[in-house]
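According to the working numbering, the sequence shown is numbered sequentially starting from 1205.
Remarks on the structure that follows.
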Amino acid sequence: MLRVPLGVAGICAGFSDRYDGDMAMTRPGSESNRVQLLGRELGNWTWLNQVHSRDALLVLQPGQHCGMEADACVGEHPDSVLSVTTADCVPVIMGSSEGLMAAAHCGWRGLEAGILDTTVRLMASSGAKSIVAAVGPSICARCYEFSRTDLERVESCVGISLGGEDQAGRLTLDLAKGVNWILSRLGVDVVFLSDQCTACSGRYFSARANGDVERQVSAVWRDMDKV
Ligand SMILES: [Zn+2]
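Set out below in C-alpha cells:
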C-alpha cells in the first residue's frame, strides 16, 4: 500500500494494490485484508455500495453508513477510516486543516454526475476551509478506450477536451485529467497525483484490462500522533 500524508491535521491517504489482496467489500477475505492493511478495527471502517452517483454521506461515528448506496463519504472523527474501492475509476482522497476528510469514487459517470462537487460542498458545509487532495491510481489515457458519444457527453459537462488515443489509434478518455480539472475548478489543491495506471502497470486489479472482480481500496484516516 502506498501511504501519502496530506500534510494537514495528521490526515493520511492510503492506496492499496493487488499485492495487498482483494478489498472488494462484500467478498470473502476482504475484511481481514482491510484490517491487515491499516491495523485499524473493522468497525471503524466506512465503506459504500458504490453506484456512480453524486451522493456523498456525512459520517459522524466510525463505521457509520457502511454498505449504503453512495460514492463518497466525509467525516472528521479521529477513529474513522473512510474508504472507497476502485479497479479503474479514480479514487480521490481529500483533507483539510480543520480535520475534515473525504474518500470519493469517480468514474466517468460520477464525473458527469458531479460527485466531486457534492463531496467538496459537504466538506465545506462541515467546516473545511481549504482542501487538499491525493489522487490515486486509475486507468490511463492510453488504455481507456471510449466511445465518441460518451466522450462528448463528459466533455460537455467538464468543459475541456478529454480525448486521447491508444496504441491502435482508437479514441480514449483521459479520466484523471477530467478529475484534476474539476478539483482545480473547485479550489482543491492536488498535493499528490499517482502516475500509475491500473490497466497497464501490472500492479493493480483492473476490470477493463483483465476483467478482474477484485478491487483496490483507497482510505483516509487521521494519525493523531502526527497532528
Ligand atoms: Zn495504461
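Each residue gets a CB set at the ideal place from its N, CA and C atoms; glycine is no exception.
Keep in mind it's a predicted model, so treat the numbers as computed, not measured.
request  = Could you round the C-beta distance between V1362 and L1315 to whole angstroms and report it? I think they count as a contact, below 8 angstroms.
outcome  = Right, their Cβ atoms sit about 6 angstroms apart.
query = Between the Cα of R1244 and the Cα atoms of P1282, V1263 and S1257, which residue gives the shortest distance?
reply = Taking the Cα of R1244 as reference, the smallest distance to any Cα among P1282, V1263 and S1257 is reached at P1282.
key: Cα-Cα separation, V1294 to L1387   = Going by the C-alpha atoms only, they are around 12 angstroms apart.
Run of the beta strand (DSSP E) containing M1305, from where it starts to where it stops = Note, M1305: beta strand (DSSP E), M1305 to C1310.
ask   = Quick one: Cα of W1251 to Cα of Q1400, how far?
value = For W1251 and Q1400, the distance between alpha carbons rounds to 23 angstroms.
inquiry  = Can you give me the C-alpha to C-alpha distance between G1267 and R1374, rounded to a whole angstrom?
reply    = Approximately 43 angstroms, taken between the alpha carbons.
Selection from W1249, V1296 and A1274 that minimises the alpha carbon distance to S1284 = Nearest option by C-alpha distance: W1249.
query = By a C-beta neighbour count over all protein chains shown, 10 Å radius and 16 as the cutoff for buried, is R1231 buried or exposed?
reply = With fewer than 16 other Cβ atoms from the protein chains shown falling within 10 Å of its own Cβ, R1231 counts as exposed.
task = Alpha carbon to alpha carbon, how far is M1205 from M1327? Give it in angstroms, no decimals.
result = Distance between the alpha carbons of M1327 and M1205 is about 26 angstroms.
request  = Under the assumption that V1336 contacts G1211 (Cβ atoms under 8 angstroms), give the Cβ distance between them as a whole number of angstroms.
outcome  = So it is a contact: roughly 7 angstroms between Cβ atoms.
request  = To the nearest angstrom, report how far apart F1219 and S1342 are at their CA atoms.
outcome  = Those two C-alpha atoms are separated by around 11 angstroms.
query = When the Cα of D1259 is compared with those of G1247, A1306 and R1352, which residue comes out closest?
reply = Looking from the CA of D1259, the closest CA among G1247, A1306 and R1352 belongs to A1306.
request  = Express the C-alpha separation of S1398 and H1309 in angstroms, rounding to a whole number.
outcome  = Each residue's alpha carbon lies about 15 angstroms from the other.
key: Own chain residues within Cβ distance below 8 angstroms of V1239, not counting five before or after   = In its chain, beyond the 5 residues on either side, E1245 and L1246 have a beta carbon closer than 8 angstroms to the beta carbon of V1239.
query = Per DSSP, what kind of secondary structure is C1361 in: helix, strand or coil?
reply = Secondary structure at C1361: helix, using DSSP grouped into helix, strand and coil.
query = In angstroms, rounded to a whole number, what distance separates the CA positions of E1302 and G1340?
reply = Rounded to the nearest whole angstrom, the C-alpha separation of E1302 and G1340 is 22 angstroms.
message = So, at 8 angstroms on beta carbons, what are the nonlocal neighbours of V1358 in its own chain, with the 5 sequence-adjacent residues on each side left out?
response = The residues W1312, L1315, E1316, L1366, L1377 and G1382, in chain order, have a CB closer than 8 angstroms to that of V1358 in the same chain once the five nearest residues on each side in sequence are set aside.
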